[in-house]
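Enquirer: Mind looking over this structure? Questions follow.
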Amino acid sequence: MKLHEYQAKQVFADAGIPTPDSRLASTVEEVMDAVDEIGYPAAIKAQVHVGGRGKAGGIEIATSAEEAREAAESILGMDLKGYTVDTVLVEAGVDFENELYVGITMDRGKGEPVAMVSTEGGVDIESVAEETPEKIAREHIDPAFGLHPYQARKVVFGAGIPSDVAMDVASILGTLYDLYESSDASEIEINPVMITADREVVAADAVMNIDEDALFRQPELAEMEDEAAGDELEAKANEYGFDYVRLSGNVGIIGNGAGLVMTTLDLVDYYGGEPANFLDIGGGAKAERVTQALDMVFSDENVDSVVFNIFGGITRGDEVAKGINEALEQFDEIPKKVVVRLAGTNAEEGMEILNEDLVQVEGTLEDAVQRAVENAEEVTQ
Amino acid sequence: MSIFVDDDTRVVVQGITGGEGKFHTEQMLEYGTNVVAGAVPGKGGQEVAGVPVYDTVDEAVDAEDADASVVFVPPAFAGDAVFEALDTDLDLVVAITEGIPTQDMAKVNKRLSEVDTRLIGPNCPGIITPGEAKLGILPGNIFESGDVGLVSRSGTLTYQVVSNLTERGIGQTTAIGIGGDPIIGTSFVDALEAFEADKDTKAVVMCGEIGGEDEEQAARYIAQNMDTPVAGFIAGRTAPPGKRMGHAGAIVSGSGTGTAESKIGALNDAGVPVGDTPNEVADHIEDFL
Numbered sequence: 180m181k182l183h184e185y186q187a188k189q190v191f192a193d194a195g196i197p198t199p200d201s202r203l204a205s206t207v208e209e210v211m212d213a214v215d216e217i218g219y220p221a222a223i224k225a226q227v228h229v230g231g232r233g234k235a236g237g238i239e240i241a242t243s244a245e246e247a248r249e250a251a252e253s254i255l256g257m258d259l260k261g262y263t264v265d266t267v268l269v270e271a272g273v274d275f276e277n278e279l280y281v282g283i284t285m286d287r288g289k290g291e292p293v294a295m296v297s298t299e300g301g302v303d304i305e306s307v308a309e310e311t312p313e314k315i316a317r318e319h320i321d322p323a324f325g326l327h328p329y330q331a332r333k334v335v336f337g338a339g340i341p342s343d344v345a346m347d348v349a350s351i352l353g354t355l356y357d358l359y360e361s362s363d364a365s366e367i368e369i370n371p372v373m374i375t376a377d378r379e380v381v382a383a384d385a386v387m388n389i390d391e392d393a394l395f396r397q398p399e400l401a402e403m404e405d406e407a408a409g410d411e412l413e414a415k416a417n418e419y420g421f422d423y424v425r426l427s428g429n430v431g432i433i434g435n436g437a438g439l440v441m442t443t444l445d446l447v448d449y450y451g452g453e454p455a456n457f458l459d460i461g462g463g464a465k466a467e468r469v470t471q472a473l474d475m476v477f478s479d480e481n482v483d484s485v486v487f488n489i490f491g492g493i494t495r496g497d498e499v500a501k502g503i504n505e506a507l508e509q510f511d512e513i514p515k516k517v518v519v520r521l522a523g524t525n526a527e528e529g530m531e532i533l534n535e536d537l538v539q540v541e542g543t544l545e546d547a548v549q550r551a552v553e554n555a556e557e558v559t560q
Numbered sequence: 354m355s356i357f358v359d360d361d362t363r364v365v366v367q368g369i370t371g372g373e374g375k376f377h378t379e380q381m382l383e384y385g386t387n388v389v390a391g392a393v394p395g396k397g398g399q400e401v402a403g404v405p406v407y408d409t410v411d412e413a414v415d416a417e418d419a420d421a422s423v424v425f426v427p428p429a430f431a432g433d434a435v436f437e438a439l440d441t442d443l444d445l446v447v448a449i450t451e452g453i454p455t456q457d458m459a460k461v462n463k464r465l466s467e468v469d470t471r472l473i474g475p476n477c478p479g480i481i482t483p484g485e486a487k488l489g490i491l492p493g494n495i496f497e498s499g500d501v502g503l504v505s506r507s508g509t510l511t512y513q514v515v516s517n518l519t520e521r522g523i524g525q526t527t528a529i530g531i532g533g534d535p536i537i538g539t540s541f542v543d544a545l546e547a548f549e550a551d552k553d554t555k556a557v558v559m560c561g562e563i564g565g566e567d568e569e570q571a572a573r574y575i576a577q578n579m580d581t582p583v584a585g586f587i588a589g590r591t592a593p594p595g596k597r598m599g600h601a602g603a604i605v606s607g608s609g610t611g612t613a614e615s616k617i618g619a620l621n622d623a624g625v626p627v628g629d630t631p632n633e634v635a636d637h638i639e640d641f642l
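Chains as they are written, first to last, in my numbering: chain A, 180 to 560; chain B, 354 to 642.
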């Protein structure tokens, strides 16, 4: 789960990390009130879950009321890579001499968190990592002990941070690790940390992603989740509790187990179709889940045909078949052709139950996918 | 022969009194697995499916001489349950639980480096040596004893590929689901090493997916250390970057690592043919045998 910049900054500020004076605004008038209070220059920053906001026109610096109004008018309501900007953060501009990068993430290869510090802040840190990896100092952290202060100093000095601010940066890194651990972050990052002319150290941006699996013990952070920030169908899937990803094609896909659903997507592509979505109904699905899954896929207007691929382990084929029948019997006319393939636990019982007036039944994964792709082609022709 | 489990393996089920724990204990017993004890705090003295339950793993291991455990404990408590298991000198711990917080697993991973126990999972279907023992939730009826090893990051994909093999009369030595989380116990390399050392395993199937670099590491290991032929499958060719595809670990990072393309390329370079479909994987294995 991603926090917005303003949310992460609030968490950082509460923990004692210096951040610029800022206000949240959702109308042009609110932006104007905010710049009146904060003064110029002021940064006006779109609050959407999109990387590279600056390049995409989602961040403007205003040095006068006229510029502030122009920026507010252009950013509020704009479409930023598929997301509509409803809110901006109006923030005091920082007069800086250097921009640094400070971040902590999980090194999954080592199974340990890693702290990273670089003097190359304010730019896309992934390209720095690829092109000049030596410019990022790294220090792995024993999760049982946490980040020792000496390690924070080691990585900060190792990155070549100017010595008059090095201890302040090390202190921010220590605070960041405490937050990383206490809030179950998967990633926590300040890019850039700005060093002002007075040699003050300020967090000019804030990135905080929380491990979805740990939200049960992070109720305050869980409340910050911005449901509206995602796709409408993805929000609906969230409500149903499905793993769902919307894609650009027209063949709707429902299956059980992430690996098998991904494989079904890949086979749709392999046989010349285009997958419309990833939808995993999970293990042990009963009739109601099946109905919800079909509702999800039928709600996507891009879907022209559907393939249902179940390999039962915990999930029972007869339960799924009952669910499919029940779901489809509700329609006078079924919106899209549905191909079903059942294998594994109680698959034979399931195949017998399936109402073949409602669905097309196929015996193998390959046949089912090919038929669904053909069905979609018929619709588009 | 087999790797990691056989008909001598004596199993404790952690969380045996829960719905999943009870159901799968019955399934494991029916398959012939030696489930000798359950461990659930506060439920000591009860019985589930004829299996005695103890309050702690330690007691269960002592009383029933167990050497492996299977964890069916809910995610909030599963990290702790694995710690408990690692404190008892078991040879093997299989964690089925999905959704354990990653930072809990980082701590487990640290402890794992300090003990002599193998962890499989979490977020995995478990391990099966057909005809001998299954530890986990795999549907026993699709497996058949034979000479192909299988290691996979995904449960249902394992079932799919195994059924493609079994339908052609190709049986398995052992099949292991290593799990789809970012931090796991047993890796592809660990399993491949064990299959390479098992003289009865004549070929190996490796099913990977997008995310991380475990498949790339496995490819390097295969090129340098394996004589046993390996065929591969990689799920997630069509996955868009930045989206989590079900598994916590199945996400292509924005910077382009962890893609299906890089994994398939690495495997091909190591001489491993990668099937476009699960059926093609079975074709490759047939060619090897």
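Cβ atoms here follow ideal geometry from the backbone N, Cα and C, with glycine treated the same way.
Computed from a prediction, not measured in an experiment: that's the story for all the values here.
1) Using a Cβ-Cβ cutoff of 8 Å, what residues of the stretch 418 to 437 of chain A are near chain B? List them in chain order.
2) Using a threshold of 8 Å, state whether the C-beta atoms of Gly538/B and Gly474/B are closer than that.
3) Tell me whether Pro312/A sits in a helix, a strand or coil according to DSSP, three-state version.
4) Going by Cα to Cα distance, which pick from Gly461/A, Tyr280/A and Gly237/A is closest to Val264/A?
5) Let me see if you follow: with CB-CB separation under 8 Å, is Tyr280/A close to chain B or not?
6) With H, G and I counted as helix, E and B as strand and the rest as coil, what does DSSP make of Phe324/A?
7) Quick one, which residues of the stretch 509 to 527 of chain A are near chain B if we go by CB-CB under 9 Å, in chain order?
8) So that I know if they touch, is there some Cβ in chain B lying closer than 8 Å to that of Asp390/A?
9) Residue range of the beta strand (DSSP E) that Asp459/A falls in?
10) For a contact meaning CB atoms closer than 7 Å, what does Ser365/A contact in chain B?
11) Return helix, strand or coil for Ile575/B, following the three-state DSSP convention.
12) Can you tell me the Cα-Cα spacing of Arg378/A and Phe275/A, whole angstroms?
13) Can you name the residues of chain A whose CB is closer than 9 Å to the CB of Leu503/B?
14) Specify the secondary structure class of Glu379/A as computed by DSSP and reduced to three states.
15) Could you name the residues of the same chain whose beta carbon sits closer than 8 Å to that of Ser478/A, not counting the 5 residues immediately before and after it, in chain order?
16) Quick one: which chain A residues come within Cβ less than 9 Å of Asp580/B?
17) By a C-beta neighbour count over all protein chains shown, 10 Å radius and 16 as the cutoff for buried, is Asp534/B buried or exposed?
18) Going by beta carbon distance, what residues of the same chain come within less than 7 Å of Ser540/B, once the five residues before and after it are set aside?
19) Could you pull the start and end residues of the alpha helix (DSSP H) that Asp215/A belongs to?
20) Among all the DSSP beta bridges, which residues are the ones paired with Cys560/B?
21) Any beta carbon of chain B sitting closer than 8 Å to that of Ile369/A?
22) Could you round the C-beta distance between Glu562/B and Ile529/B to whole angstroms and report it? I think they count as a contact, below 8 Å.
23) Measure the C-alpha to C-alpha separation of Phe430/B and Gly452/B and round it to an integer number of angstroms.
24) With three or more beta-carbon pairs closer than 8 Å as the criterion, would you say the stretch 495 to 514 of chain B touches the stretch 434 to 445 of chain A?
25) Near Ala438/B, which residues of its chain fall below 6 Å by C-beta distance, leaving aside the five closest residues on each side in sequence?
26) Going by the CB atoms, is the gap between Thr543/A and Thr524/A shorter than 8 Å?
27) For Ser253/A, which of helix, strand or coil comes out of DSSP?
28) Taking the alpha helix (DSSP H) that Tyr359/A falls in, what are its first and last residues?
29) Run through DSSP, which three-state label would Asp420/B get?
30) Determine whether the Cβ of Arg590/B lies closer than 8 Å to any Cβ atom of chain A.
31) Short of 8 Å Cβ to Cβ, which residues in the stretch 483 to 494 of chain A face chain B?
32) For chain A, find out if any of its Cβ atoms is closer than 8 Å to the Cβ of Leu510/B; answer yes or no.
33) Pull up the DSSP beta-bridge partners for Asp359/B, would you.
34) Could you confirm whether any beta carbon from chain A is found closer than 8 Å to the beta carbon of Met598/B?
35) Would Leu353/B count as contacting chain A if we go by Cβ distances under 8 Å?
36) Beta-carbon separation of Leu352/A and Val335/A under 8 Å?
Expert: With the structure as the only source:
1) So the close ones are Asp422, Val424, Leu426, Gly434, Asn435, Gly436 and Ala437.
2) At the C-beta level, Gly538/B and Gly474/B come within 8 Å of one another.
3) Pro312/A: helix per DSSP, three-state reduction.
4) Comparing Cα positions, the closest option is Gly237/A.
5) Answer no: the Cβ-Cβ gap between Tyr280/A and chain B never drops below 8 Å.
6) If DSSP states are grouped into helix, strand and coil, Phe324/A belongs with coil.
7) Residues passing the 9 Å Cβ filter: Ala522, Gly523 and Thr524.
8) Yes - at least one Cβ of chain B is within 8 Å of the one on Asp390/A.
9) Note, Asp459/A: beta strand (DSSP E), Asn456 to Asp459.
10) Thr455, listed in chain order.
11) In the three-state DSSP reduction, Ile575/B falls in the helix class (H, G or I).
12) A straight-line Cα-Cα distance of about 9 Å links Arg378/A and Phe275/A.
13) The contacting residues do not exist; Leu503/B stays about 13 Å from chain A at best.
14) Here DSSP, grouped into helix, strand and coil, assigns Glu379/A to coil.
15) Scanning its chain for C-beta atoms nearer than 8 Å, with the 5 sequence neighbours on each side dropped, one finds around Ser478/A the residues Leu412 and Lys415, in chain order.
16) For a Cβ distance threshold of 9 Å, nothing in chain A lies close to Asp580/B: the least Cβ distance comes to about 26 Å.
17) With 16 or more Cβ atoms within 10 Å of its Cβ, Asp534/B is classed as buried.
18) So the qualifying residues of the chain are Ile531 and Asp567.
19) Looking at the DSSP string, the run of the alpha helix (DSSP H) that includes Asp215/A is Val207 to Ile217.
20) In DSSP, Cys560/B forms a bridge with Ser505/B and Phe586/B.
21) Ile369/A does not count as touching chain B.
22) Going by Cβ atoms, the distance from Glu562/B to Ile529/B rounds to 15 Å, so no, they are not a contact pair.
23) One alpha carbon belongs to Phe430/B, the other to Gly452/B, and they sit about 11 Å apart.
24) Result yes; three or more Cβ-Cβ pairs closer than 8 Å.
25) Hits under 6 Å: Val410, Ser422 and Val446.
26) No, they are not a contact pair.
27) Reduced to three states, the DSSP call for Ser253/A is helix.
28) Following the DSSP letters along the chain, one finds Tyr359/A inside the alpha helix (DSSP H) bounded by residues Ser342 to Ser361.
29) Of the three classes helix, strand and coil, the one that applies to Asp420/B here is coil, per DSSP.
30) The Cβ of Arg590/B sits closer than 8 Å to at least one Cβ of chain A.
31) Residues Phe490, Gly491, Gly492 and Ile493.
32) Taking CB atoms only, Leu510/B has a neighbour in chain A less than 8 Å away.
33) Asp359/B is bridged by DSSP to nothing; it lacks a bridge partner.
34) Between Met598/B and chain A, the shortest Cβ-Cβ separation is below 8 Å.
35) One cannot answer for residue 353/B here, as it falls past the ends of chain B, which runs 354 to 642.
36) Using a Cβ distance threshold of 8 Å, Leu352/A and Val335/A count as a contacting pair.
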